[in-house]
Amino acid sequence: LEQVIDELRERGLQSDGRFAEQYVSSRMRRGFGPLRIRRELQERGVEAPLLEASLDEQDAAWFELLREIHRRKYGAGLPGDFKERARRARFLEYRGFPAEMIRRLLWSEEA
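For the sequence shown, the UniProt record's numbering gives the first residue as 1, with consecutive numbering after it.
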């Protein structure tokens, strides 16, 4: 099996980098954030440099994705009370978005 994989790599038919890029794109389309995708790629054995490079390529898109996920789930506007903000923050954390990014969305006018 290792011989076959090595041969495919030599021919350029198997690439962990390409897999990581496609995986990140696919999971982003499904609304998952960078923390969750990072964990999933680690579980699949993707090496850290490839994993980070794939996530970094999408760096500018993460906040826009977070905003879109929030808008789809809760509509436009910010929650009025702390309890609702906390509930929304838990949902977004589950989706894999960093707390700092969620805070920026929920405690600002960017929603």
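Glycine is no exception: its CB is placed at the ideal position from the N, C-alpha and C atoms.
At the C-beta level, residue 96 and residue 69 stay beyond 7 Å of one another.
If you look at residue 105, you'll find it in the alpha helix (DSSP H) that goes 99-106. Rounded to whole angstroms, the gap between the alpha carbons of residue 106 and residue 74 is 12 Å. Within 10 angstroms of the beta-carbon of residue 76 lie fewer than 16 other beta-carbons, which makes it exposed. If you check the CB distance, residue 88 and residue 79 come in under 7 Å.
Sixteen is the threshold: since fewer than 16 other Cβ atoms of the shown chains lie within 10 Å of the Cβ of residue 61, the residue is exposed. Judged by DSSP in its simplified three-state form, residue 33 adopts coil rather than helix or strand.
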